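Down below is the structure, laid out as C-alpha coordinates.
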Amino acid sequence: MTCPHAIRRTTLLAGRSSAAVNARVHGRDAACMRETTVPTERIPLHSTGAAMPAFGAGHRSGVTCCHHADKPMMTGLTTPRPHGLPGAMARAGTEIKTRKLRANPRTTSKPDNMVANSPTPASDAVVDRVAAALRSRIVAGELKPGTRIVEQALARDTGASRNTLREALRLLRTERLIEHVRHKGAVVRFVKPAEVIDIYKVRRALEIRALQESGVAAGDRLRQVREAIEQSEAALREGRWQDVGTGSLRFHQALVGLLDCQLLDEFFESTVAQMRLIFAVMADEGAFQSPWIPRDRAIHDAFVAGRRDEAIDRLRLYLDDSERATLDVVHAHHASD
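And the structure:
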(Lines of atoms letter the chains of each structure in order from A and count residues from 1; the text may use other names and numbers.)
(Lines give C-alpha, C1' and ligand atoms only; values in the text may rest on other atoms or scores of the structure.)
Protein backbone atom coordinates (compact mmCIF):
# COMPACT_ATOMS: atom_id res chain seq x y z
CA MET A 1 0.00 0.00 0.00
CA THR A 2 1.41 3.39 -1.02
CA CYS A 3 2.16 5.82 1.77
CA PRO A 4 -0.05 8.99 1.63
CA HIS A 5 2.80 11.19 2.86
CA ALA A 6 5.06 9.90 0.08
CA ILE A 7 2.45 10.65 -2.59
CA ARG A 8 1.89 14.21 -1.37
CA ARG A 9 5.66 14.78 -1.15
CA THR A 10 6.15 13.52 -4.73
CA THR A 11 3.47 15.87 -6.05
CA LEU A 12 5.00 18.82 -4.19
CA LEU A 13 8.50 18.15 -5.53
CA ALA A 14 7.33 17.66 -9.10
CA GLY A 15 5.47 20.96 -8.97
CA ARG A 16 8.41 22.86 -7.54
CA SER A 17 10.86 21.41 -10.04
CA SER A 18 8.61 22.40 -12.96
CA ALA A 19 8.30 25.92 -11.53
CA ALA A 20 12.10 26.21 -11.31
CA VAL A 21 12.62 25.23 -14.94
CA ASN A 22 9.85 27.51 -16.19
CA ALA A 23 11.26 30.42 -14.19
CA ARG A 24 14.73 29.93 -15.72
CA VAL A 25 13.42 29.53 -19.26
CA HIS A 26 11.19 32.61 -19.15
CA GLY A 27 13.92 34.78 -17.64
CA ARG A 28 12.60 35.41 -14.16
CA ASP A 29 14.93 36.78 -11.53
CA ALA A 30 17.19 34.66 -9.36
CA ALA A 31 15.10 35.32 -6.27
CA CYS A 32 12.20 33.52 -7.84
CA MET A 33 14.49 30.60 -8.66
CA ARG A 34 15.68 30.41 -5.06
CA GLU A 35 12.11 30.30 -3.80
CA THR A 36 11.46 27.13 -5.79
CA THR A 37 14.64 25.33 -4.76
CA VAL A 38 13.89 22.24 -2.73
CA PRO A 39 15.92 22.15 0.47
CA THR A 40 17.53 18.99 1.73
CA GLU A 41 15.70 17.81 4.85
CA ARG A 42 14.46 14.66 6.42
CA ILE A 43 10.69 14.12 6.42
CA PRO A 44 9.00 11.83 8.93
CA LEU A 45 7.02 9.04 7.40
CA HIS A 46 3.84 7.60 8.90
CA SER A 47 3.66 6.80 12.55
CA THR A 48 6.75 4.61 12.70
CA GLY A 49 9.02 7.63 12.92
CA ALA A 50 11.14 6.53 9.90
CA ALA A 51 12.70 9.32 7.91
CA MET A 52 13.78 9.73 4.26
CA PRO A 53 15.98 12.25 2.48
CA ALA A 54 14.13 14.94 0.65
CA PHE A 55 14.55 15.39 -3.09
CA GLY A 56 17.57 17.53 -3.85
CA ALA A 57 21.09 17.73 -5.21
CA GLY A 58 23.38 14.87 -4.31
CA HIS A 59 20.46 12.57 -3.36
CA ARG A 60 18.93 9.67 -5.22
CA SER A 61 15.61 10.29 -6.91
CA GLY A 62 12.52 8.43 -5.81
CA VAL A 63 10.65 8.09 -2.50
CA THR A 64 11.04 5.40 0.15
CA CYS A 65 7.86 3.78 1.23
CA CYS A 66 7.35 3.37 4.97
CA HIS A 67 6.35 -0.27 4.49
CA HIS A 68 9.53 -1.05 2.51
CA ALA A 69 12.09 1.32 3.91
CA ASP A 70 15.02 -0.56 2.35
CA LYS A 71 13.67 -0.35 -1.23
CA PRO A 72 12.98 2.74 -3.35
CA MET A 73 9.40 3.18 -4.47
CA MET A 74 9.33 3.92 -8.21
CA THR A 75 7.36 7.06 -9.02
CA GLY A 76 7.06 9.40 -11.97
CA LEU A 77 10.23 11.22 -10.95
CA THR A 78 13.51 10.74 -12.85
CA THR A 79 17.06 11.81 -12.17
CA PRO A 80 17.03 15.62 -11.72
CA ARG A 81 18.30 17.68 -14.63
CA PRO A 82 20.77 20.53 -14.22
CA HIS A 83 18.98 23.86 -13.85
CA GLY A 84 18.51 25.67 -17.14
CA LEU A 85 19.22 22.57 -19.35
CA PRO A 86 16.17 21.53 -21.39
CA GLY A 87 15.15 17.88 -21.35
CA ALA A 88 16.32 17.09 -24.90
CA MET A 89 19.79 18.51 -24.25
CA ALA A 90 20.05 16.60 -20.99
CA ARG A 91 19.16 13.36 -22.71
CA ALA A 92 21.64 14.10 -25.48
CA GLY A 93 24.38 14.66 -22.92
CA THR A 94 23.57 11.34 -21.29
CA GLU A 95 23.69 9.55 -24.67
CA ILE A 96 27.08 11.10 -25.50
CA LYS A 97 28.53 9.97 -22.18
CA THR A 98 27.14 6.48 -22.80
CA ARG A 99 28.69 6.30 -26.27
CA LYS A 100 32.05 7.43 -24.97
CA LEU A 101 31.91 4.78 -22.30
CA ARG A 102 31.13 2.06 -24.85
CA ALA A 103 33.90 3.25 -27.18
CA ASN A 104 36.50 3.22 -24.44
CA PRO A 105 38.61 0.05 -24.95
CA ARG A 106 39.48 -0.03 -21.26
CA THR A 107 35.82 -0.35 -20.29
CA THR A 108 34.83 -2.90 -22.92
CA SER A 109 35.94 -6.43 -23.53
CA LYS A 110 35.62 -8.75 -26.51
CA PRO A 111 33.29 -11.66 -26.15
CA ASP A 112 34.98 -15.01 -25.97
CA ASN A 113 33.35 -16.17 -29.19
CA MET A 114 35.03 -13.36 -31.17
CA VAL A 115 38.42 -14.83 -30.37
CA ALA A 116 37.26 -18.36 -31.02
CA ASN A 117 35.74 -17.48 -34.42
CA SER A 118 38.67 -15.40 -35.68
CA PRO A 119 40.33 -16.88 -38.83
CA THR A 120 43.39 -19.00 -38.15
CA PRO A 121 46.48 -18.05 -40.18
CA ALA A 122 47.24 -20.58 -42.87
CA SER A 123 50.17 -22.89 -42.23
CA ASP A 124 53.27 -21.96 -44.24
CA ALA A 125 53.78 -25.60 -45.22
CA VAL A 126 50.23 -25.90 -46.60
CA VAL A 127 50.54 -22.59 -48.45
CA ASP A 128 53.83 -23.70 -50.02
CA ARG A 129 52.30 -27.01 -51.05
CA VAL A 130 49.34 -25.36 -52.78
CA ALA A 131 51.59 -22.78 -54.46
CA ALA A 132 53.93 -25.54 -55.65
CA ALA A 133 51.00 -27.45 -57.14
CA LEU A 134 49.87 -24.38 -59.09
CA ARG A 135 53.42 -23.63 -60.16
CA SER A 136 53.89 -27.18 -61.44
CA ARG A 137 50.69 -26.89 -63.48
CA ILE A 138 52.04 -23.71 -65.06
CA VAL A 139 55.36 -25.39 -65.89
CA ALA A 140 53.48 -28.33 -67.41
CA GLY A 141 51.51 -25.96 -69.62
CA GLU A 142 48.14 -26.75 -68.03
CA LEU A 143 47.58 -23.14 -66.93
CA LYS A 144 48.17 -20.72 -69.79
CA PRO A 145 48.35 -16.91 -69.72
CA GLY A 146 44.90 -15.40 -69.23
CA THR A 147 43.52 -18.45 -67.42
CA ARG A 148 41.28 -17.43 -64.52
CA ILE A 149 42.00 -19.11 -61.18
CA VAL A 150 38.63 -20.08 -59.69
CA GLU A 151 38.98 -20.39 -55.92
CA GLN A 152 36.01 -22.72 -55.51
CA ALA A 153 37.36 -25.22 -58.04
CA LEU A 154 40.86 -24.91 -56.64
CA ALA A 155 39.61 -25.54 -53.10
CA ARG A 156 37.83 -28.65 -54.32
CA ASP A 157 40.94 -29.95 -56.13
CA THR A 158 43.43 -29.25 -53.35
CA GLY A 159 41.22 -29.62 -50.28
CA ALA A 160 42.66 -26.36 -48.93
CA SER A 161 40.70 -23.62 -47.17
CA ARG A 162 39.85 -20.30 -48.78
CA ASN A 163 42.36 -18.53 -46.54
CA THR A 164 45.15 -20.93 -47.60
CA LEU A 165 44.33 -20.47 -51.28
CA ARG A 166 44.52 -16.71 -51.02
CA GLU A 167 47.90 -16.92 -49.31
CA ALA A 168 49.16 -19.24 -52.06
CA LEU A 169 47.88 -16.90 -54.78
CA ARG A 170 49.53 -13.98 -53.05
CA LEU A 171 52.82 -15.90 -53.10
CA LEU A 172 52.51 -16.60 -56.83
CA ARG A 173 51.72 -12.96 -57.42
CA THR A 174 55.05 -11.97 -55.87
CA GLU A 175 56.70 -14.45 -58.25
CA ARG A 176 55.04 -12.66 -61.19
CA LEU A 177 53.12 -15.75 -62.24
CA ILE A 178 49.61 -14.44 -61.65
CA GLU A 179 47.97 -11.05 -61.36
CA HIS A 180 44.69 -9.65 -60.10
CA VAL A 181 42.38 -8.40 -62.85
CA ARG A 182 39.32 -6.34 -62.06
CA HIS A 183 36.04 -8.26 -62.36
CA LYS A 184 38.00 -11.49 -62.98
CA GLY A 185 40.11 -12.07 -59.89
CA ALA A 186 43.36 -14.04 -60.05
CA VAL A 187 44.56 -14.64 -63.63
CA VAL A 188 47.72 -16.28 -64.98
CA ARG A 189 49.81 -13.44 -66.37
CA PHE A 190 52.20 -13.06 -69.28
CA VAL A 191 55.77 -11.82 -69.02
CA LYS A 192 57.06 -8.50 -70.33
CA PRO A 193 60.19 -7.96 -72.44
CA ALA A 194 62.11 -6.44 -69.52
CA GLU A 195 61.27 -9.51 -67.43
CA VAL A 196 62.70 -11.79 -70.12
CA ILE A 197 66.04 -10.05 -69.79
CA ASP A 198 65.95 -10.57 -66.02
CA ILE A 199 65.09 -14.24 -66.49
CA TYR A 200 68.15 -14.86 -68.63
CA LYS A 201 70.40 -13.03 -66.21
CA VAL A 202 69.25 -15.48 -63.56
CA ARG A 203 69.69 -18.44 -65.89
CA ARG A 204 73.26 -17.50 -66.80
CA ALA A 205 74.25 -16.95 -63.18
CA LEU A 206 72.84 -20.25 -61.90
CA GLU A 207 73.19 -22.68 -64.80
CA ILE A 208 76.78 -21.78 -65.64
CA ARG A 209 77.73 -21.93 -61.99
CA ALA A 210 76.13 -25.37 -61.76
CA LEU A 211 78.28 -26.68 -64.64
CA GLN A 212 81.39 -25.22 -63.05
CA GLU A 213 80.71 -27.27 -59.91
CA SER A 214 79.32 -30.35 -61.64
CA GLY A 215 82.46 -32.33 -60.80
CA VAL A 216 81.33 -32.64 -57.17
CA ALA A 217 77.62 -33.11 -57.88
CA ALA A 218 75.78 -35.92 -56.11
CA GLY A 219 74.90 -39.04 -58.06
CA ASP A 220 71.12 -38.63 -57.71
CA ARG A 221 71.39 -35.10 -59.06
CA LEU A 222 73.28 -36.31 -62.12
CA ARG A 223 70.61 -38.96 -62.67
CA GLN A 224 67.87 -36.30 -62.66
CA VAL A 225 69.69 -34.42 -65.43
CA ARG A 226 69.93 -37.59 -67.53
CA GLU A 227 66.28 -38.51 -66.99
CA ALA A 228 65.13 -35.00 -67.97
CA ILE A 229 66.99 -35.08 -71.30
CA GLU A 230 65.72 -38.59 -72.05
CA GLN A 231 62.11 -37.56 -71.41
CA SER A 232 62.37 -34.55 -73.71
CA GLU A 233 63.95 -36.68 -76.46
CA ALA A 234 61.12 -39.22 -76.17
CA ALA A 235 58.52 -36.44 -76.44
CA LEU A 236 60.36 -35.05 -79.49
CA ARG A 237 60.24 -38.41 -81.28
CA GLU A 238 56.50 -38.70 -80.59
CA GLY A 239 55.72 -35.12 -81.57
CA ARG A 240 54.35 -34.13 -78.15
CA TRP A 241 55.50 -30.54 -78.44
CA GLN A 242 54.15 -29.27 -75.15
CA ASP A 243 55.96 -32.10 -73.36
CA VAL A 244 59.08 -31.28 -75.37
CA GLY A 245 59.08 -27.73 -74.00
CA THR A 246 58.37 -28.95 -70.47
CA GLY A 247 61.17 -31.56 -70.74
CA SER A 248 63.68 -28.96 -71.88
CA LEU A 249 62.77 -26.71 -68.95
CA ARG A 250 63.13 -29.66 -66.57
CA PHE A 251 66.58 -30.36 -68.01
CA HIS A 252 67.82 -26.86 -67.23
CA GLN A 253 66.12 -27.01 -63.84
CA ALA A 254 68.04 -30.23 -63.15
CA LEU A 255 71.25 -28.44 -64.09
CA VAL A 256 70.65 -25.90 -61.33
CA GLY A 257 69.88 -28.84 -59.06
CA LEU A 258 73.53 -29.90 -59.37
CA LEU A 259 74.29 -27.12 -56.86
CA ASP A 260 72.30 -29.14 -54.32
CA CYS A 261 70.70 -26.07 -52.71
CA GLN A 262 67.05 -26.20 -51.75
CA LEU A 263 66.64 -22.42 -51.74
CA LEU A 264 68.00 -22.15 -55.28
CA ASP A 265 65.77 -25.02 -56.39
CA GLU A 266 62.68 -23.25 -55.08
CA PHE A 267 63.73 -19.93 -56.58
CA PHE A 268 64.52 -21.37 -60.01
CA GLU A 269 61.18 -23.18 -60.13
CA SER A 270 59.52 -19.78 -60.46
CA THR A 271 61.93 -18.81 -63.24
CA VAL A 272 61.12 -22.00 -65.14
CA ALA A 273 57.40 -21.31 -64.72
CA GLN A 274 57.80 -17.88 -66.31
CA MET A 275 59.57 -19.48 -69.27
CA ARG A 276 56.66 -21.89 -69.65
CA LEU A 277 54.26 -18.95 -69.94
CA ILE A 278 56.24 -17.74 -72.94
CA PHE A 279 56.05 -21.14 -74.64
CA ALA A 280 52.28 -21.19 -74.15
CA VAL A 281 51.61 -18.31 -76.57
CA MET A 282 53.73 -19.65 -79.44
CA ALA A 283 51.81 -20.26 -82.63
CA ASP A 284 54.01 -23.24 -83.52
CA GLU A 285 55.65 -24.60 -80.38
CA GLY A 286 57.01 -27.62 -82.25
CA ALA A 287 59.01 -25.50 -84.66
CA PHE A 288 60.41 -23.48 -81.77
CA GLN A 289 61.30 -26.42 -79.51
CA SER A 290 62.79 -28.86 -82.02
CA PRO A 291 66.29 -27.29 -82.35
CA TRP A 292 66.93 -27.04 -78.60
CA ILE A 293 66.74 -30.70 -77.60
CA PRO A 294 69.91 -31.79 -79.54
CA ARG A 295 71.75 -28.85 -77.99
CA ASP A 296 70.61 -29.94 -74.52
CA ARG A 297 72.01 -33.38 -75.24
CA ALA A 298 75.37 -31.96 -76.34
CA ILE A 299 75.67 -29.94 -73.12
CA HIS A 300 74.82 -33.01 -71.06
CA ASP A 301 77.31 -35.31 -72.78
CA ALA A 302 80.11 -32.74 -72.50
CA PHE A 303 79.96 -32.18 -68.75
CA VAL A 304 79.28 -35.86 -67.98
CA ALA A 305 82.45 -36.74 -69.90
CA GLY A 306 84.39 -34.21 -67.85
CA ARG A 307 84.63 -31.56 -70.60
CA ARG A 308 83.19 -28.84 -68.43
CA ASP A 309 84.74 -25.92 -70.35
CA GLU A 310 83.14 -27.18 -73.55
CA ALA A 311 79.80 -27.65 -71.77
CA ILE A 312 79.97 -24.11 -70.38
CA ASP A 313 80.75 -22.62 -73.81
CA ARG A 314 77.87 -24.53 -75.34
CA LEU A 315 75.55 -23.37 -72.57
CA ARG A 316 76.56 -19.69 -72.97
CA LEU A 317 75.81 -19.79 -76.68
CA TYR A 318 72.58 -21.69 -76.00
CA LEU A 319 71.33 -19.03 -73.57
CA ASP A 320 72.26 -16.15 -75.89
CA ASP A 321 70.33 -17.67 -78.81
CA SER A 322 67.41 -18.64 -76.57
CA GLU A 323 67.12 -15.12 -75.17
CA ARG A 324 66.93 -13.54 -78.62
CA ALA A 325 64.32 -16.04 -79.81
CA THR A 326 62.26 -15.64 -76.63
CA LEU A 327 62.31 -11.85 -76.86
CA ASP A 328 61.01 -12.07 -80.41
CA VAL A 329 58.07 -14.16 -79.21
CA VAL A 330 57.27 -11.80 -76.35
CA HIS A 331 57.48 -8.66 -78.50
CA ALA A 332 55.22 -10.24 -81.12
CA HIS A 333 52.67 -11.23 -78.49
CA HIS A 334 52.48 -7.75 -76.95
CA ALA A 335 52.28 -6.15 -80.39
CA SER A 336 49.23 -8.25 -81.22
CA ASP A 337 47.34 -7.28 -78.04
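In my numbering, the protein residues as written are 2 to 338.
C-beta: ideal position from N, C-alpha, C; glycine also.
From a predicted model like this one, the values you see are computed outputs, not experimental measurements.
Straight-line gap, residue i to residue j (C-alpha atoms, nearest Å)
i: R171; j: L178; result: 10 Å
i: V331; j: G216; result: 36 Å
i: H339; j: G240; result: With the chain covering 2 to 338 only, the question about residue 339 has no answer from this structure.
i: D266; j: A195; result: 23 Å
i: E286; j: Y201; result: 20 Å
i: L260; j: G246; result: 23 Å
i: Q213; j: R309; result: 7 Å
i: I313; j: G258; result: 16 Å
i: Q225; j: I198; result: 27 Å
i: E176; j: V128; result: 14 Å
i: W242; j: R315; result: 23 Å
i: I294; j: A288; result: 12 Å
i: G147; j: A303; result: 39 Å
i: K185; j: A126; result: 28 Å
i: Q263; j: S271; result: 13 Å
i: F282; j: G142; result: According to the sequence provided, residue 282 is Val. The question's Phe does not apply to it. Between V282 and G142, the C-alpha separation is close to 10 Å.
i: E168; j: H335; result: 29 Å
i: V273; j: L135; result: 13 Å
i: R163; j: S137; result: 20 Å
i: R222; j: G248; result: 16 Å
i: A284; j: A235; result: 22 Å
i: Q153; j: D244; result: 28 Å
i: T322; j: S124; result: Residue identity differs from the one stated: residue 322 is Asp in this sequence, not Thr. Those two C-alpha atoms are separated by around 42 Å.
i: V192; j: F280; result: 11 Å
i: I296; j: F252; result: Going by the sequence as given, residue 296 is Arg instead of Ile. If you take the alpha carbons of R296 and F252, they lie about 11 Å apart.
i: E311; j: T327; result: 24 Å
Under the three-state DSSP convention, the category residue i falls into
i: H335; result: helix
i: R167; result: helix
i: R149; result: strand
i: K202; result: helix
i: E228; result: helix
i: A284; result: coil
i: A235; result: helix
i: S323; result: helix
i: R308; result: coil
i: S162; result: coil
i: V330; result: helix
i: E208; result: helix
i: L316; result: helix
i: E196; result: helix
i: L223; result: helix
i: L172; result: helix
Where the beta strand (DSSP E) through residue i begins and ends
i: H181; result: I179 to V182
i: A187; result: G186 to V189
With 16 other Cβ atoms within 10 Å as the buried cut-off, status of residue i
i: A161; result: buried
i: S337; result: exposed
i: E208; result: buried
i: A31; result: With a pLDDT of 45 at A31, under the threshold of 50, the modelled position of this residue cannot be trusted; read the value that follows with caution. A31 should be labelled exposed.
i: D329; result: exposed
i: L250; result: buried
i: Q290; result: buried
i: E180; result: exposed
i: S233; result: buried
i: V182; result: exposed
i: R157; result: exposed
i: R227; result: exposed
i: A219; result: exposed
i: G307; result: exposed
i: A206; result: exposed
i: R238; result: exposed
i: R190; result: buried
i: A132; result: buried
Delimiting residues of the alpha helix (DSSP H) encompassing residue i
i: A134; result: D125 to V140
i: G258; result: W242 to G258
i: M276; result: Q263 to F280
i: T159; result: E152 to T159
i: P295; result: W293 to V305
Test item: CB-CB of residue i and residue j under 8 Å
i: L166; j: L173; result: no
i: I139; j: V188; result: no
i: Q254; j: F268; result: no
i: R204; j: L320; result: yes
i: R317; j: I230; result: no
i: A211; j: L144; result: no
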